[in-house]
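The opening residue of the sequence shown carries number 0 in numbering that gives the first Met the number 0; numbering runs sequentially from there. Here is the structure we will look at.
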Amino acid sequence: MNNKQLSEKMIEKSIEAFTMALEIYNKPTIKYRVEGFALFVCNAWELMLKAKLLKDEKPIYYKNSNNTLSLPESLKRVITNKNSPLRKNINTINNLRNKSSHFITTDHESMYVQIFQRNVIDYIDKMKEYHGIDILNILPHGFIMLSAQVNVATDEEIRAKYSPEMAEKILSEKHQIEQEIQSSGDKFAIPIESKIFITKNEDEADWSVSVSLDADDSVVQVNKILDPRKTHPRFTNNVVNLVNKALKNENIKITKIKGEERINSIFTTNDFQLFVKFYNAKDNPEYCFKWLNRFAYSDKFVNIIIEAIKKDPENIIENLKRSIEELKEK
0 MNNKQLSEKM
10 IEKSIEAFTM
20 ALEIYNKPTI
30 KYRVEGFALF
40 VCNAWELMLK
50 AKLLKDEKPI
60 YYKNSNNTLS
70 LPESLKRVIT
80 NKNSPLRKNI
90 NTINNLRNKS
100 SHFITTDHES
110 MYVQIFQRNV
120 IDYIDKMKEY
130 HGIDILNILP
140 HGFIMLSAQV
150 NVATDEEIRA
160 KYSPEMAEKI
170 LSEKHQIEQE
180 IQSSGDKFAI
190 PIESKIFITK
200 NEDEADWSVS
210 VSLDADDSVV
220 QVNKILDPRK
230 THPRFTNNVV
240 NLVNKALKNE
250 NIKITKIKGE
260 ERINSIFTTN
270 DFQLFVKFYN
280 AKDNPEYCFK
290 WLNRFAYSDK
300 FVNIIIEAIK
310 KDPENIIENL
320 KRSIEELKEK
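Written as structure tokens, this is what we have:
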């Protein structure tokens with residue numbers, strides 16, 4: 000097996016390990032999901048980094064040894080800046096992986112989930128940067144948002160729950176993580192937040208608040224907390240694929256002007272951005288949700304695009320361009 004074949008095999012196994020990490024963590028019934036995520040995601044990084052070294056024609060073995068490089072050593076050779084938040088993030092998870100499982104408690108999840116979420120995003124970004132593979136074309140988009148239902152314990156609660164020795168170990172980790180977050184911000188860890196949207200559709204709501212007419216205090220609005228993974232499940236590539244599939248099913252081609260010639264074409268990412276600009280979608284929570292540095296879109300917006308194209312496939316793209324230019328001039 001040559002280096003190229005070995006690199007490809009490592010990438011394949013890396014993606015499989017990454018998928019396993021997500022699957023384990025997103026199943027709340029699994030008791031060892033923190034340890035499981037750490038184990039598989041570290042394996043995923045180690046394989047991906049070694050594949051990068053092979054691609055760059057660099058060794059993956061220690062000098063005069065049959066042993067391949069460890070994750071920390073591979074990391075040092077690929078990401079050379081020792082102060083890189085990404086390096087610190089991966090090393091923090093690797094330290095957790097190396098911890099005996101009986102020293103990992105339920106309170107570790109609240110400490111590490113934001114580090115895990117940053118790690119997931121960085122893995123996706125680096126896989127694309129190093130190997131040209133877009134994980135979002137392989138895994139469901141909602142799959143990469145970690146399912147976290149954790150309560151952050153105070154220092155006093157931790158001291159009351161554990162033996163003095165164990166409590167101090169946990170608090171030491173907690174304070175180190177908090178200091179690193181203060182220093183590196185969301186490049187090291189991403190806070191897990193609850194987003195609130197208002198909906199009239201009961202099926203979309205995760206839970207609702209009822210209003211009692213007999214209550215002393217009046218309530219004028221009922222809010223329902225929605226999961227963006229359900230309400231805005233589509234990233235750009237997914238939207239483009241869905242639109243093309245819908246148009247193909249009805250044998251519809253979009254007409255575009257290339258030079259002075261009118262040609263038939265499929266729906267592209269550039270076409271999608273025209274719709275985003277025209278409908279000001281990124282500022283409309285019904286159409287778009289910003290998740291970290293990515294935008295996710297609702298099925299409602301996808302359907303608006305499909306219906307608009309169906310009505311006028313010959314002129315829709317040129318009309319959008321003209322309308323956007325007119326808006327710029329105002």
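We treat Cβ as the ideally placed atom computed from N, Cα and C, and that holds for glycine.
| Item | Value |
| --- | --- |
| Does DSSP put Glu167 in a helix, a strand or coil? | helix |
| Between the alpha carbons of His130 and Lys8, how many angstroms are there, rounded? | 12 Å |
| With respect to the alpha helix (DSSP H) encompassing Phe277, which residues constitute its N-terminal and C-terminal limits? | 268-277 |
| Kindly indicate the opening and closing residues of the beta strand (DSSP E) around Arg321. | Counting along the chain, Arg321 falls outside any beta strand (DSSP E), though it belongs to the alpha helix (DSSP H) covering 315-328. |
| Leaving out the 5 sequence neighbours to the left and right, which residues in its chain are closer than 7 Å to Glu45 when beta-carbon positions are compared? | Leu70, Ser73 |
| Of the residues Lys168, Glu156, Lys276, which one's Cα is nearest the Cα of Glu325? | Lys276 |
| Taking the alpha-carbon positions, what's the Lys289 to Lys281 distance? | 8 Å |
| How would you label Met144, buried or exposed, when you count the other beta carbons within 10 angstroms and need 16 or more for buried? | buried |
| In three-state DSSP terms, what is Phe294? | strand |
| Could you round the C-beta distance between Leu135 and Ile123 to whole angstroms and report it? I think they count as a contact, below 8 Å. | 7 Å |
| Just to confirm the assignment, what range does the beta strand (DSSP E) spanning Ile14 have? | Looking at the DSSP string, Ile14 is not in any beta strand (DSSP E); the run it does join, the alpha helix (DSSP H), is 2-24. |
| Give me the residue from Pro312, Ile256, Asn237 with the minimum Cα distance to Asn250. | Pro312 |
| Cα separation between Tyr60 and Asn25? | 34 Å |
| Which value, in whole angstroms, describes the spacing of the CA atoms of Arg76 and Thr268? | 36 Å |
| Am I right that Ile14 and Arg117 are in contact with their C-beta atoms under 8 Å? What's the rounded C-beta distance? | With a Cβ gap of about 19 Å, Ile14 and Arg117 do not count as contacting. |
| I believe Ile308 touches Leu246 by the beta-carbon criterion, under 8 Å. Please report the beta-carbon distance rounded to the nearest angstrom. | 7 Å |
| Between Thr230 and Ile316, is the Cβ-Cβ spacing less than 9 Å? | no |
| Mind checking Tyr31: buried by the 16 CB within 10 Å criterion, or exposed? | exposed |
| Taking all protein chains shown into account, do 16 or more other C-beta atoms lie within 10 angstroms of the C-beta of Asn1, making it buried, or fewer, making it exposed? | exposed |
| Can you pull the DSSP bridge partners for Lys289? | Phe294 |
| On the criterion of 16 or more Cβ atoms from any shown chain inside 10 Å, does Arg321 qualify as buried, or is it exposed? | exposed |
| Tell me which same chain residues have a C-beta within less than 8 Å of the C-beta of His107, skipping the five on either side of it? | Val33, Leu95, Ile169, Glu172 |
| In three-state DSSP terms, what is Ile251? | coil |
| Which of helix, strand or coil does DSSP assign to Glu56? | coil |
| Closer than 6 Å by C-beta to Glu306: which residues in its own chain qualify, once you throw out the five before and the five after it? Chain order, please. | none |
| In chain order, what residues of the same chain lie with their CB nearer than 7 Å to the CB of Ile256, ignoring the 5 residues before and after it? | Glu317 |
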